[in-house]
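Chemist:
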Amino acid sequence: MVYIVALLAVVFLGLAAMVVSKMAAVVKNAGGPKEEGQIGLSNKINGALFVVFFVVGLIGAVWSFMYARQFFLPEASSPHGRRTDNLFWISMAMITAAFVLTNALLFIFAWMYQHKEGYKAAYYPENHKLELIWTIVPAVIMAVMVFTGWRAWRDIMAEAPANAQVFEIVGKQFNWIARYPGVDNNKLGSFNYKLIDNNNETGIDYTDEASFDDFVSTSELHIPANKPVLLKIRARDVLHSVFIPHLRVKMDAVPGMPTRFWFIADKTTDEMRNITGNPDFTYEIACTEVCGQGHFSMRIRLVVEDEAAWEAWCKQQKPLLTSTPELATRIPASLKAKAAKYLPADATAAPADSSTASVPQQGGVSVATTTLR
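Be aware that the sequence shown starts at 3, since it is given in my numbering, and climbs by one per residue.
1) Suppose the cutoff is 8 Å on Cβ atoms and the five residues either side in sequence are ignored; what does the same chain contact list for GLU309 look like?
2) Look at the Cβ atom of PHE217, then the Cβ atom of SER325, and state whether they are nearer than 9 Å.
3) So what's LEU304 in DSSP terms, helix, strand or just coil?
4) Tell me, to the nearest whole angstrom, how far the beta carbon of ARG301 is from that of ILE287; I am working on the premise that it is less than 8 Å.
5) Please say whether ALA50 and ILE171 have beta carbons closer to each other than 9 Å?
6) Short of 7 Å in beta carbon distance, which residues of its chain neighbour ALA341, apart from the five on each side in sequence? Order them along the chain.
7) Am I right that VAL305 and GLU222 are in contact with their C-beta atoms under 8 Å? What's the rounded C-beta distance?
8) The alpha helix (DSSP H) that contains ASP254, what's its start and end?
9) Kindly confirm or deny that the segment 185 to 198 and the segment 129 to 140 touch, where touching means at least three C-beta pairs closer than 8 Å.
10) Going by beta carbon distance, what residues of the same chain come within less than 7 Å of SER299, once the five residues before and after it are set aside?
11) Here's the rule: buried if 16 or more other CB atoms are within 10 angstroms of the residue's CB, otherwise exposed. What is TYR182?
12) Assign LEU241 to one of three DSSP states: helix, strand, or coil.
13) Taking buried to mean at least 16 other C-beta atoms within 10 Å of its own C-beta, is LEU345 buried or exposed?
14) Which residue from HIS224, ARG238, LYS234 and LEU232 puts its Cα closest to that of GLY205?
15) My understanding is that ALA267 touches SER80, with C-beta atoms under 8 Å, so please give their C-beta distance in whole angstroms.
16) Indicate whether VAL244 and LEU233 have their beta-carbon atoms separated by less than 9 Å.
17) Where do the N-terminal and C-terminal ends of the alpha helix (DSSP H) with PHE263 fall, by residue?
18) I need the DSSP call for LEU223, collapsed to helix, strand or coil.
19) Please list, in chain order, all residues of the same chain as ALA78 whose beta carbon is under 6 Å from its beta carbon, the five residues on each side excluded.
20) Considering only DSSP beta bridges, list what ALA288 is partnered with.
21) With a CB to CB cut of under 7 Å and the five nearest residues on each side skipped, what residues in its chain are close to ASP207?
22) So the candidates are ARG153, VAL142 and SER219; which of them puts its Cα closest to the Cα of GLN319?
23) Could you tell me the alpha carbon to alpha carbon distance between LEU43 and ALA95, rounded to whole angstroms?
Here you go:
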């Protein structure tokens, strides 16, 4: 490929030198008289070069497309992705047809209507019928393209189905954090950015009991195949962008403005390995918004598996509250009993910053004091 590019560069430089030379000759002889035969010969050469350039350019464009096909993404692994791809290729076909037609006329007319001895150009001021045709036809085509695109966008961005499995992905410099709702009826707990620290990177709010069984992962996101998935998206610091190329999923992660995207992944990771013939294939979630020096590392593995395998994997994971019991200090006293089953035995005792604590006084009398937080 490098040699082809180098060859094309040499050809381009040669043609540029030829054009400059011809332009210099034209400027030099602009004021002098011209013989009719010389004009006719120059026009024939230029007209022929126009046609040759068009044919060679068309062949080069077709070859370039055919060569690049090996680098295209495989068929989308989601229904909305295949619909998006179909709209893309229909649009490309229509645009390419219009491009080839108009340029064919441009270059061929340069040959057909070149200057000839005894030929006088006709004055053609207007043709209302022709003007209506080339105005109405493109307008109708564009309207159809816009309408079909709007319909696809409306369907893709509609509310997720009620049975959609919920996940959250949070972007920060420079990695993704996936949060799962645990087993409490597919419900993610609340969050608050003010609660973010090294132990609680997504700001899970433990005043909401739905948060108790939430767990997180920074290395991979597991989702079930053939089931609607609602991906809730946040950013902790700067603008990021969630991109799952094989599923045609893309949505910005905006600080202070949660976004979402729902989809159905209908090809598991193992199925894609068979389809692509690549035993090492894996889905990937990348960031397509330049977010700083470490932007290149904004990647997380996506594992698509059948629902039974996904449920088995989820049951093996530990809630963040279990692996980081110090977060129990953020649980209100009224909810500590409900949170107890997620905490290690030695963490179920009342923490030092609980709302009330007994302070020993002289004479063996204890006085209840209130700690302000």
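For glycine and all other residues, C-beta sits at the position ideal for the given N, C-alpha and C.
Modeler: Inspection of the coordinates gives the following:
1) PRO226, ALA227, ASN228 and LYS229
2) yes
3) strand
4) 7 Å
5) no
6) PHE214, LEU323, ALA330 and ILE333
7) 6 Å
8) Where ASP254 is concerned, there is no enclosing alpha helix (DSSP H), although the beta strand (DSSP E) it sits in stretches over 251 to 255.
9) no
10) PHE176 and ASN177
11) buried
12) coil
13) buried
14) ARG238
15) 6 Å
16) yes
17) That residue, PHE263, is in no alpha helix (DSSP H); its beta strand (DSSP E) goes 261 to 266.
18) strand
19) ARG84, ASP87 and ARG250
20) PHE245 and ARG301
21) GLY191, SER192, PHE193, ASN194, LEU197 and SER213
22) SER219
23) 38 Å
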